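When we follow this note's numbering, the leftmost residue of the sequence shown carries the number 7, and every step to the right adds one.
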Amino acid sequence: MTIQEIISYLEEIAPKEYQESYDNSNLICGDKTLEISSVLCALDCTEDVIDEAIQKNCGLVVAHHPIVFKGLKSLTGENYVERTILKAIKSDIAIYAIHTNLDHSWVGVNRIIGEKLGLENLKILAPKEAILYKLHTYVPSNSAEKVRNALFEVGAGDIGAYSNCSFNADGYGTFLAGDEAKPYVGEKGSLHQENEMRIEIIFPKHLKRSVISVLKESHPYEEVAYDIVALENEHSRIGSGMIGELKEAISENEFLEQASTVFNLSLIRHTKLLGKPIKTVAFCGGAGSFLLNKAMIKKADAFITGDFKYHEFFDAENKILIMDIGHFESEQFTPELLKRLLEKKFHTFAVLLSGVKTNPVHYFIS
Ligand SMILES: [Zn+2]
């Protein structure tokens with residue numbers, strides 16, 4: 007298996023187009039054409055993780071957090087970032103980061119948190135806008151099914167839990183083939199009228215190139231008539247954070263207890279208890295305080311994330327229970343998720359979980 011094959015698969019699940027502008031989800035170092043026999047999954051890629059990869063003979067480390075965020079101007083080993091990259095390059099170990107694009111994925115960082123918490127009816131808390139397009143195309147009626155199926159095949163026509171969604175209307179098209187034309191139907195130089203179907207199909211922007219390419223391949227006409235229109239709609243399955251419901255409402259203390267068991271915590275920073283039951287829970291792995299407002303608008307009883315600042319706790323306004331469980335702790339299941347995703351697709355090589363605890367934050371409990 008080449009590194010490129012693994013990356014292509016991961017990018018079907020978490021397309022790079024959906025990472026934040028500050029992010030660096032990418033192959034950070036390494037030769038993507040190399041064949042590898044095992045992968046190491048980690049939350050952070052540190053020198054210790056590279057040592058582990060050397061020891062376990064893994065040619066690729068798939069990490070959630072990119073070790074390099076901004077460009078490097080030198081590579082001399084003066085800090086932990088440079089030392090990690092140098093060690094990886096010297097040992098022929100590739101590093102691939104899958105960060106905010108995995109945060110935004112329907113089967114990503116937040117999905118596994120929701121599962122671990124036993125939440126139902128999971129939805130994206132802040133769906134991304136402006137990433138949906140609509141294709142309108144005009145196909146001779148007898149080829150409509152073939153074109154439609156080709157578009158479905160590459161993933162167009164998915165709306166929430168439904169696939170193969172399209173709208174189809176009968177009509178007729180006209181054309182007059184010029185001297186250089188090779189018309190599929192009709193005669194050169196005479197106005198032709200053909201029964202056609204107008205097909206409308208929605209698709210997310212990372213599929214644009216493949217949608218256009220299969221449209222042109224499957225459509226019988228020499229010149230394919232189509233429009234691609236950018237939509238303002240939200241994509242219900244791509245975005246930040248998630249929200250879900252507990253099977254039954256429980257007290258705040260019971261919920262704090264449950265969260266500390268699920269995440270194996272000795273400490274939770276939280277806002278004042280409000281004396282109301284917890285049923286709807288919003289959450290975001292990592293630094294999710296920017297989603298507090300969304301969680302409150304959607305009437306979540308509790309919001310779990312990491313990296314809340316002192317002043318941000320006041321924003322709860324006695325309406326929601328903010329629970330800051332720590333950045334590392336909130337994302338601790340991400341390596342397990344990566345392992346699960348890779349094992350689902352590839353059966354011929356080993357996918358290992360890193361045993362290095364990379365959390366740079368330690369707690370002193372007296
Ligand atoms: Zn993070």
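Where is the CB? At the ideal position from N, CA and C, for every residue including glycine. From a predicted model like this one, the values you see are computed outputs, not experimental measurements.
1. What residues match up with His142 in a beta bridge as DSSP calls it?
2. Any beta-carbon of chain C closer than 8 Å to the one on Gly281?
3. Note down, in chain order, each residue of its chain lying with its Cβ closer than 6 Å to the Cβ of Val357, except the 5 sequence neighbours on either side.
4. Could you compute how far the alpha carbon of Phe339 sits from the alpha carbon of Lys214?
5. If distances are taken between C-alpha atoms only, which option among His198, Tyr178, Met329 comes closest to Ala150?
6. By DSSP's criteria, Asn174 is part of a beta bridge. Which residues make up the other side?
7. Who does Val153 pair with in a DSSP beta bridge?
8. May I have the straight-line CA-CA distance separating Leu221 from Val153, to the nearest angstrom?
9. Write down every uninterrupted run of the alpha helix (DSSP H) in the segment 74-127 whose length is 4 residues or greater and which is fully enclosed by it, in chain order.
10. In the DSSP assignment, the beta strand (DSSP E) including His241 goes from what residue to what residue?
11. Could you check the C-alpha separation between Phe352 and Ser43 for me, to the nearest Å?
12. May I ask you to check if the CB of Gly292 is nearer than 7 Å to at least one heavy atom of ligand 1?
13. By alpha-carbon positions, which one of Cys35, Leu49, Met7, Ser14 ends up nearest to Pro366?
14. Give me the Cβ distance between Leu403 and Val115, rounded to the nearest whole Å; I'm assuming they're in contact under 8 Å.
15. Given this structure, state the Cα-to-Cα distance separating Glu335 from Phe269, to the nearest angstrom.
16. If we ignore side chains and look at the alpha-carbon of each, how far apart do Val230 and Phe181 end up?
17. Considering only their Cβ atoms, is the gap separating Gly292 from Ala132 smaller than 8 Å?
18. Given a cut-off of 8 Å, decide if Cys47 and Val68 are closer than it, judged by their beta-carbon atoms.
19. With a CB to CB cut of under 7 Å and the five nearest residues on each side skipped, what residues in its chain are close to Asn239?
20. Would you check whether ligand 1 has a heavy atom nearer than 7 Å to the C-beta of Glu337?
21. Rounded to a whole number of angstroms, what is the C-alpha to C-alpha distance between His71 and Gly83?
22. Give me the Cα-Cα distance between Asp57 and Val160, rounded to the nearest whole angstrom.
23. If you draw a straight line from the C-alpha of Leu66 to the C-alpha of Gly332, how long is it?
24. Sorry if obvious, but does the Cβ on His70 come closer than 7 Å to a heavy atom of ligand 1?
25. Would you give the residue range spanned by the beta strand (DSSP E) that Ala59 belongs to?
26. Just reading off the beta strand (DSSP E) that Leu327 is part of, what are its end residues?
27. Specify the secondary structure class of Ala293 as computed by DSSP and reduced to three states.
28. In three-state DSSP terms, what is His368?
29. For the alpha helix (DSSP H) holding Leu344, just list the boundary residues, first then last.
30. Looking at His212 and ligand 1, is the gap between the Cβ and the nearest heavy atom below 7 Å?
31. Which whole-angstrom value describes the C-beta separation of Ser172 and Ile205, a residue pair presumed to lie in contact below a C-beta threshold of 8 Å?
32. Under a Cβ-count criterion, where at least 16 other Cβ atoms within 10 Å of its own Cβ denotes burial, should Pro226 be classed as buried or exposed?
So, from the data block:
1. Glu206, Asp233
2. The structure shown has no chain C; it contains just one protein chain.
3. Val45, Lys345, Leu348, Glu349
4. 32 Å
5. Tyr178
6. Asn174 pairs with Ile205.
7. According to DSSP, Val153 bridges with nothing at all.
8. 6 Å
9. Within the segment 74-127, the runs of alpha helix (DSSP H) that reach at least 4 residues and sit entirely inside it are, in chain order, 86-96, 106-109, 115-122.
10. 240-256
11. 11 Å
12. Taking the Cβ of Gly292 as the reference point, at least one heavy atom of ligand 1 falls within a distance shorter than 7 Å.
13. Comparing alpha carbon positions, the residue from Cys35, Leu49, Met7, Ser14 closest to Pro366 is Leu49.
14. Nothing can be reported for residue 403: it is not among the residues displayed for the chain, which extend from 7 to 372.
15. 6 Å
16. Their Cα atoms are separated by approximately 12 Å.
17. no
18. yes
19. Leu138
20. yes
21. Near 20 Å, if we compare the C-alpha coordinates of Gly83 and His71.
22. 39 Å
23. 27 Å
24. yes
25. Premise fails: Ala59 lies in the alpha helix (DSSP H), 53-61, not in any beta strand (DSSP E).
26. 327-330
27. strand
28. In the structure shown, His368 falls within a coil segment according to DSSP collapsed to helix, strand and coil.
29. 340-351
30. Because no heavy atom of ligand 1 lies under 7 Å away, the Cβ of His212 does not count as near it: no.
31. Distance from Ser172 to Ile205 at the Cβ level is roughly 6 Å; contact confirmed, criterion being Cβ atoms closer than 8 Å.
32. exposed
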